[in-house]
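Chains as they are written, first to last, in my numbering: chain A, 3 to 313; chain B, 3 to 275. Structure first, then comments.
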């Protein structure tokens, strides 16, 4: 499989702050890499280095084999970038914004208009196309922003926290559009603070914290690192807890109070064994489920802090 | 549209560079900046209205003091050139704040990730500004006409009259661009411009002849480039010597551009995003 994006040992300091302390990653062509990390972890700095906005102090990176430091002009002809803030002109209409970028990418006036219409349709903005962007909702703005970054279809699309601040419905809508772009074969480099987002969109996930990669793998790999599936049971009456603990002895460590959890290495087999034993002692359960750890659990296990904390 | 997978092909067709492409890129960015100014009438009206307002107030209040034996028309002939250059200089604040907002909104970053000429952002800003200045010169001159200002020195000189302040102010815009690139907030741009604009516009041979200033500022008044531009414009419109002043104004423009474009471009390239 061809490597589309590669970074080796990227370092970048801003004064005394070491924003990147040796980032290594690679993205196979046609796949989606999710870069997950809290605020200040170095996600945007990594994107800025890969998109030629910033020169790394050390290390190197390539896009489709072109060196971002030595061949920045070539790199820029291959990438599309959607930054953290929807960078579109508020006083222009959605269509005018797209035509402007089309013209900058050397389409003729007619071609640029045609391409703008095509993109407005694709991003469900056709009706709003002739309205000024300042009247747009956050979700519409983000969609326009995304459309603007693929006016000239890129080989690699960089999305820096594309859904930050969006309501769940707009977020879902944007996800669908990202999936559609992936299906066209565009390689996508996505940063996010939302574990759910990485889980939903990314083929592989890189977790970064304080400027270094602390874990890498598929969503499943990462979850397995924290421990596999576990079984969670909620008692109808908390007073039955000790009885249940006794009945389940020998199945593994049980943690929690009220809601009890235990490792379920055999999945459904473990679950049915639990149900059978609890049933045998005549205790009623309010709920029982098999759970996989969320990426939040993963992040906490890897870093000792949650995604919300910046320290 | 199917995805073109050949990276080398894409690089070949899309990559920036070359003289014609650079000119084209700058032209498109300039066009965008002009369009945005036109969409935001507050910019044009505000920065044109202010000098027009001053011009009218000054005519009403000072005409009899400065040209005691003359008419309002004589004073207008004297005042309009200075009001014009003054108005244009003040509107460089708009050039600065507009660039500041582009830097902050991420628009500049977006433009910098496109395969377009590296110079397009700043050059487009200066040229877009120049387009707006030209519109303003025409506006102010028309209002001047209403209070009695007339071109008395032929078509070519009138044309130079209109273009000279645009050229000088565009050169001065590099100061605004430099300050915008360095600025931490939009207000800083405005505040940082004031110490440049106030002495330049008011301590010049404009509202009052040089002899009207106290002796200790007369030195500054006579080397002030705005004095040169105002006197050149007076000569071009009303007759009298102007070649010397036109040359002075051009030299100042070249010097301002050389110094501040270097500073601005350096600061721009050093930015961390």
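Virtual Cβ for every residue (Gly too), placed ideally from N, Cα, C.
Taking C-alpha positions only, residue 149 of chain B is separated from residue 196 of chain B by approximately 29 Å. Beyond the five residues adjoining it in sequence on each side, residue 291 of chain A comes within less than 7 Å, by CB distance, of 234 in the same chain, given in chain order. The beta carbon of residue 186 of chain A sits closer than 8 Å to the beta carbons of 155 from its chain, once the five residues preceding and following it are set aside; these are given in chain order. Between the beta-carbon of residue 135 of chain B and that of residue 205 of chain B there is about 22 Å, and that puts the pair past the 8 Å contact cut. Contiguous beta strand (DSSP E) elements confined to the stretch 8–57 of chain B do not occur, taking only those with 3 or more residues. Within the stretch 144–171 of chain A, those residues whose Cβ lies closer than 7 Å to any Cβ of chain B are, in chain order, 154, 155 and 157.
Against residue 93 of chain A, the close residues of chain B are 38, 41 and 42, in the order they occur along the chain (beta-carbon pairs closer than 7 Å). With a cutoff of 8 Å on beta-carbon distance, residue 13 of chain A and residue 58 of chain A are scored as near each other. Taking C-beta atoms as the reference points, residue 154 of chain B and residue 239 of chain B count as a pair closer than 8 Å. Within 9 Å of the CB of residue 80 of chain A, the CB atoms of chain B belong to 9, 12, 13, 16 and 117, in sequence order along the chain. In terms of Cα proximity to residue 168 of chain B, the closest of B:131, B:187 and B:147 is B:131. Under the three-state reduction of DSSP, residue 301 of chain A is assigned to helix. With contacts defined by Cβ atoms closer than 8 Å, residue 82 of chain A and residue 28 of chain A do not form a contacting pair. In the three-state DSSP reduction, residue 217 of chain A falls in the strand class (E or B). Contact between the stretch 103–121 of chain A and the stretch 71–88 of chain B is absent: fewer than 3 CB-CB pairs across the two stretches fall below 8 Å. A distance below 7 Å between beta-carbons, with the five flanking residues on each side excluded, links residue 76 of chain A to the following residues of its chain, in chain order: 68. With distances taken between CA atoms, residue 289 of chain A lies nearest to A:260 out of A:101, A:260, A:182 and A:300.
Look at residue 54 of chain B: its C-beta is not under 8 Å from any C-beta on chain A. The DSSP-derived three-state label of residue 60 of chain A is strand. Boundaries of the alpha helix (DSSP H) harbouring residue 83 of chain B: 74–92, taken from the DSSP string. No Cβ-Cβ contact shorter than 8 Å links residue 191 of chain B with residue 118 of chain B. A straight line joining the alpha-carbon of residue 266 of chain A with that of residue 232 of chain A spans about 5 Å. Listed in chain order, the beta strand (DSSP E) runs fully inside the stretch 49–103 of chain A are 60–65 and 81–84, counting runs of at least 3 residues.
Segment contact: the stretch 159–177 of chain A against the stretch 81–95 of chain A, three or more CB-CB distances shorter than 8 Å; contact assigned. Within chain B, no C-beta atom comes nearer than 8 Å to that of residue 97 of chain A; the closest sits roughly 13 Å away.
With a threshold of 8 Å between beta carbons, residue 30 of chain B makes contact with chain A.
Of all alpha-carbon atoms in A:297, A:305, A:303 and A:170, the one lying nearest the alpha-carbon of residue 36 of chain A is that of A:297.
Looking at A:213, A:80, A:133 and A:64, the one whose alpha-carbon comes closest to that of residue 98 of chain A is A:133. When the Cα atoms are used, residue 175 of chain A and residue 198 of chain A turn out to be separated by approximately 14 Å. The residue from A:183, A:189 and A:108 with its alpha-carbon nearest to that of residue 22 of chain B is A:108. Beta-bridge partners assigned by DSSP to residue 213 of chain B: none are found. Between residue 269 of chain B and residue 186 of chain B, the C-beta spacing is not below 8 Å.
A straight-line Cα-Cα distance of about 55 Å links residue 106 of chain B and residue 254 of chain A.
Between the alpha carbons of residue 19 of chain B and residue 201 of chain A lies a distance of about 40 Å.
For residue 187 of chain B, the nearest beta carbon of chain A is not closer than 8 Å to its own beta carbon. Across the structure, residue 177 of chain A and residue 30 of chain A are spaced so that their CA atoms are roughly 20 Å apart.
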